[in-house]
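In the working numbering, the protein residues as written are 8 to 403.
Ideal placement from N, C-alpha and C gives every residue a C-beta, glycine not left out.
These numbers were taken from a predicted model, which means no experiment stands behind them.
Here you go:
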């Protein structure tokens, strides 16, 4: 006699149902190659076909501003809301960040025009195959040679070499960071403390030449989301400020300019309860056979003790399979989670097991990651709230 359905063991999520980023023609990696192609600089890689050429291009990347966040807050972001129909070349559609949807990975995708499997920053923390240590790719710890870790030239550098005036306008603190060097270097860097100063300097740099490519960045919205959540007054206040900054820059665009407002990821708030926050450091089943835990709460790289890879994959699927897409390294690569191709040097940086959250849940590590484990807002996975980002457009 067959068991009633309610008594049957739950089936794990089919990893083939994970919504893989639109790498072929609608992700962050295609943005700069598309813009510089319109300025006469032809590069390889994907393109965003809906965009049209402009002599002067400015990309304003707002850390943590997901597509769904704008749609959900028309009162706090009236100017951004008015631009929703302009997104992705007037189609009114978003683009995707790439996997994992996290800052280091996304900024490298933007700056190099390559997918995570090529540029080699496939997560917040990943194993360095040469040392066996976890490498934090946002804070660049422990120190690793930037050019060895990410050897490809940036789009900014290639455009600069082709005669396009290129400039980055950001916080002075980012001037000499390794992440800036491997993702955003090329042309000139202009450090400005306040958001208003960055908007004004960006407009000035756009007007500095007949062909120009300017990048500017704002991180405080993301910080408020991590600390207080995207359902907080603090986050809404930051969104209101961001809305005014975008309008300030748009109103200063010189002739023949296009401004593109985008983001590196969205964010989801995770409740502080045991069901929503699974503690790896307190869970003997998840720890069994695991040598290193990398990634972040919603996009984990799991590195197994040699010989235990299959057992770790089986265990993680049994324990987490209803809430996470849990794949082996080979499965994640073959399904295109990190792009169409993964460079040989990047292969070992990807976990033996990769776990991407489907539900509103995170895998924390309360002992080894105390600060990250206390974050309200989280991101990294392939859900729409994290993956879909705007590509709003203003032209002069």
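| Query | Result |
| --- | --- |
| Below 8 Å, can you find three or more Cβ-Cβ pairs linking the region 196-207 to the region 248-261? | yes |
| Quick one: give me the first and last residue of the alpha helix (DSSP H) that residue 184 is part of. | First-last for residue 184: undefined, no H or E at that position. |
| Thinking just about the alpha-carbon of each residue, which of 222, 285, 300 and 36 is nearest to the one in residue 197? | 222 |
| Can you check DSSP and say which residues form a bridge with residue 195? | 174 |
| Give a yes or no on contact between the region 371-378 and the region 82-93, applying the rule of three or more CB pairs nearer than 8 Å. | no |
| Looking only at C-alpha atoms, which of 28, 70 and 279 sits nearest to residue 232? | 70 |
| Could you check the C-alpha separation between residue 394 and residue 309 for me, to the nearest Å? | 21 Å |
| Three-state secondary structure (DSSP) at residue 390? | coil |
| Leaving out the 5 sequence neighbours to the left and right, which residues in its chain are closer than 6 Å to residue 115 when beta-carbon positions are compared? | 126, 128 and 190 |
| Are residue 105 and residue 123 close, meaning C-beta to C-beta below 7 Å? | yes |
| Skipping 5 residues on each side, what residues in its chain have a beta carbon closer than 6 Å to that of residue 212? | 174 and 221 |
| Helix, strand or coil, according to DSSP, for residue 55 in the structure here? | coil |
| Using the beta-carbon count (16 or more within 10 Å), is residue 108 buried or exposed? | buried |
| Considering just the uninterrupted stretch of the alpha helix (DSSP H) at residue 219, what are its terminal residues? | Careful: residue 219 lies outside any alpha helix (DSSP H), inside the beta strand (DSSP E) at 219-225. |
| Considering only C-alpha positions, which residue in the set 306, 78, 181 and 268 is nearest to residue 389? | 306 |
| Starting from residue 371, trace the beta strand (DSSP E) both ways and give me its first and last residue. | 369-371 |
| What residues match up with residue 454 in a beta bridge as DSSP calls it? | This structure does not reach residue 454, given that the chain is present from 8 up to 403, and the question cannot be answered. |
| What's the call for residue 433, buried or exposed, on a 16-neighbour Cβ count within 10 Å? | What is shown of the chain runs 8 to 403, which leaves residue 433 out entirely. |
| Does the separation of the CB atoms of residue 330 and residue 368 fall below 7 Å? | yes |
| Could you tell me which of 336, 381, 35 and 151 sits nearest to residue 279, measuring between CA atoms? | 381 |
| Look at the Cβ atom of residue 342, then the Cβ atom of residue 333, and state whether they are nearer than 7 Å. | no |
| Would you kindly check if the distance between the Cβ of residue 48 and the Cβ of residue 166 is under 7 Å? | yes |
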